[in-house]
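Note sheet for the following structure.
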Amino acid sequence: MNAMSYKYPSTAEPCQLLIMNANQRDSPFLRLPLELREIIYEYTFMDSKITVAHSRPSKSPVSARPKYLCEGFRLLQACAQIRREAPPYFYSNCVFDLSLITFWSWGSPDVVRDIQLITISESNARLMGKRLEVNDSPRKDWDVEKCSIGAFRSLRRVYVDCRMSTQQHTDMGPSPSTERLRLCFDKDHLEVVFIRAAST
């Protein structure tokens, strides 16, 4: 299991125990042993893709919201008990595709802190490298972006989608590299995977 270890209270409130017992009576799934449910959560969210896009046309980047395209997301909405058990597997297995937005402007720190896998566009990666190079100049927008990037506290892998590379992208900043992205995210051991068009 590669899910994050969440800390739950060692003792549940009496009302929570009553609800859990009622859930188990009514649900064959919740009558399964926890270990088996965890395997099901792992399998359900394995390699699922979450596309993040602007929820409505707007010049404001904060209107970006996730569009949960994986069917498994419905499982999280089943009941409170599953919402407590399943999120570690959701965040450790789903790849959040942030290619369609300026990703560092999306959401609050609470939204992104548990995300472990993301995809970003090559243009975003180049912009990050460009901002890194001018970091010594007074830029309030870069300070905001750094805070947003730092909110990805659990991030362990970044996929950089280079399949749509154009001359316009090359003008945006330096070629993305593992070293630059590790500096931007301030993570020495960040895994970076470049997705390139298949050669013909």
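Under numbering that gives the first Met the number 0, the sequence shown has 36 at position 37, and the numbering climbs by one with no breaks. The beta carbon of each residue, even a glycine, is placed where N, CA and C say it ideally should be. For clarity, every value in this text was computed on a predicted model and none was experimentally measured.
- Cα atoms of Arg156 and Pro32: separation of roughly 31 angstroms, rounded to the nearest angstrom.
- Judged by DSSP in its simplified three-state form, Arg36 adopts helix.
- In the DSSP assignment, Ile119 falls outside any alpha helix (DSSP H) and within the unbroken beta strand (DSSP E) covering Leu116 to Ser120.
- Judged by beta-carbon spacing, Glu121 lies beyond the 8 angstroms limit of Cys93, meaning their Cβ atoms are not closer than that value.
- Here Tyr40 is buried. Its C-beta has 16 or more other C-beta atoms within 10 Å.
- Note on geometry: alpha-carbon atoms of Phe28 and Tyr88 lie some 17 angstroms from one another.
- Residue state for Arg152 is assigned as coil, using DSSP reduced to three classes.
- In this model, Met163 and Ile49 are separated by some 20 angstroms (Cα to Cα).
- Residue state for Lys48 is assigned as strand, using DSSP reduced to three classes.
- Here Phe193 has Val159 and Cys161 as same chain residues with Cβ atoms under 6 angstroms from its own Cβ, once five neighbours each way along the sequence are excluded.
- Rounded to the nearest whole angstrom, the C-alpha separation of Ser176 and Leu116 is 17 angstroms.
- Taking C-beta atoms as the reference points, Val51 and Leu126 fail to come closer than 8 angstroms.
- DSSP places Phe193 in the strand class (E or B) of the three-state scheme.
- When C-alpha distances from Arg83 are compared across Glu37, Asn123 and Ala124, the shortest belongs to Glu37.
- Around the beta carbon of Ala196, a 10 Å sphere encloses fewer than 16 other beta carbons of the protein chains shown; the residue is thus reported as exposed.
- Straight-line measurement puts the Cα of Arg152 at about 14 angstroms from the Cα of Leu180.
- Taking C-beta atoms as the reference points, Gly149 and Asp185 count as a pair closer than 8 angstroms.
- Here Ser47 really is in contact with Gly71; their C-beta atoms are around 6 angstroms apart, less than 8 angstroms.
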